[in-house]
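Asks: Quick one: structure below, then a few questions.
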Amino acid sequence: MLTGQLPLSINPRKLAHAETRIAGSILVTDLSRFAEAILDPSGEVALDLQFLVDEEGFYVVQGTLSIEVKLTCQRCLQVMRLPLSVTCNLAIVWHEEAAKAVPAHYDPVIVAETNVALTDLVEDELILALPIVARHELTECHFEGNVEASDPDGGNAEANTPSRENPFQVLASLKTDT
50 MLTGQLPLSI NPRKLAHAET RIAGSILVTD LSRFAEAILD PSGEVALDLQ FLVDEEGFYV
110 VQGTLSIEVK LTCQRCLQVM RLPLSVTCNL AIVWHEEAAK AVPAHYDPVI VAETNVALTD
170 LVEDELILAL PIVARHELTE CHFEGNVEAS DPDGGNAEAN TPSRENPFQV LASLKTDT
């Protein structure tokens, strides 16, 4: 098991043959694309990754990544904290054709070179775990408007709007008179 100072570059196939486990943390500032997607790039990503060769002969990376991030709630525009816990179940392949043969319970990762940056492997998984639209739970949100009318998940917005008089109703009566 590798702990403490994590390697910058790894050979996932070699680690899989040795059934190596890597545990430790990576600074968010070392993950530039992920750091841009969140409000506060301070902190560390805790990781625990097991490299192995499965019974079908695939080079596999299994494990967890966890961090609490700060995002902007898109409903109230206030800061929200979101704990991310990512379960990785990756199959390392050489090229795109091999990726097509990976079983559905694995996510293929194409590693054309012998080595890959550990930060790249971790960063991609964290970015995929971020929500498309960050929002507080309704009970925690500071939004002061009509949440149901503005929220696509909140129900039928038309059912919550008050009924208005139709300005074209007069035209309907003209049509029936002629």
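Under this note's numbering, read the sequence shown as residues 50 to 227, first letter to last.
For every residue, glycine included, the Cβ atom is placed at its ideal position computed from N, Cα and C.
Starting from the Cα of Val-118, find the closest Cα among Ala-161, Val-165, Leu-76 and Phe-192 and give me that residue.
Replies: As a working note, residue 118 is residue 69 in the sequence shown. When each option's Cα is compared against that of Val-118, the closest is Leu-76.
Asks: With distances taken from CA atoms, which of Glu-146, Val-219, Asp-89 and Arg-62 is nearest Ile-116?
Replies: Residue mapping note: residue 116 aligns to position 67 of the sequence shown, counting from 1. For the residues Glu-146, Val-219, Asp-89 and Arg-62, the minimum Cα distance to Ile-116 belongs to Asp-89.
Asks: Quick one: residues in its chain with C-beta nearer than 6 Å to the C-beta of Glu-68, no 5 flanking neighbours on either side, listed in chain order?
Replies: Taking the first residue of the sequence shown as 1, we reach residue 68 at position 19. Leu-101, listed in sequence order.
Asks: By DSSP, does Val-77 sit in helix, in strand, or in coil?
Replies: Along the sequence shown, one-based indexing puts residue 77 at 28. Val-77 falls in the helix class under three-state DSSP.
Asks: How about Ala-43 and Leu-131: are their beta carbons less than 9 Å apart?
Replies: The shown model of the chain, from 50 to 227, leaves out residue 43, and the question about it has no answer.
Asks: Since Asp-156 is in the beta strand (DSSP E), which residue starts that stretch and which ends it?
Replies: As a first step, residue 156 is located in the sequence shown; it is residue number 107 there, counting from the start. First-last of the beta strand (DSSP E) with Asp-156: 156-159.
Asks: Just how far apart, CA to CA, sit Leu-55 and Phe-192?
Replies: Here residue 55 corresponds to residue number 6 of the sequence shown, with the count starting at 1. Here residue 192 corresponds to residue number 143 of the sequence shown, with the count starting at 1. Taking the straight line joining both Cα atoms gives about 42 Å.
Asks: Cys-190: which of Cys-137, Phe-83, Val-128 and Val-94 sits nearest, CA to CA?
Replies: Within the sequence shown, numbered from 1, the residue matching residue 190 stands at position 141. Cys-190 has its Cα closest to that of Val-128, out of Cys-137, Phe-83, Val-128 and Val-94.
Asks: Take Asn-138 and list the residues in its own chain whose beta-carbon comes closer than 6 Å to its own, dropping the five residues that flank it on each side.
Replies: Working through the sequence shown from its first residue, we reach residue 138 at position 89. Only Gln-111 and Tyr-155 meet the Cβ criterion.
Asks: Keeping to the same chain, check which residues put their C-beta closer than 8 Å to that of Asp-79; ignore five residues upstream and five downstream.
Replies: As a working mapping, residue 79 is identified with position 30 in the sequence shown. The residues are Thr-168.
Asks: Asp-169 lies in the alpha helix (DSSP H); which residues open and close that run?
Replies: For the purposes of this step, residue 169 is taken as the residue at position 120 of the sequence shown. Looking at the DSSP string, the run of the alpha helix (DSSP H) that includes Asp-169 is 167-178.
Asks: Relative to the C-alpha of Phe-107, which candidate in Lys-63, Lys-149, Val-142 and Val-171 has its C-alpha closest?
Replies: Here residue 107 refers to the residue found at position 58 of the sequence shown. Among Lys-63, Lys-149, Val-142 and Val-171, the Cα nearest to that of Phe-107 is on Val-142.
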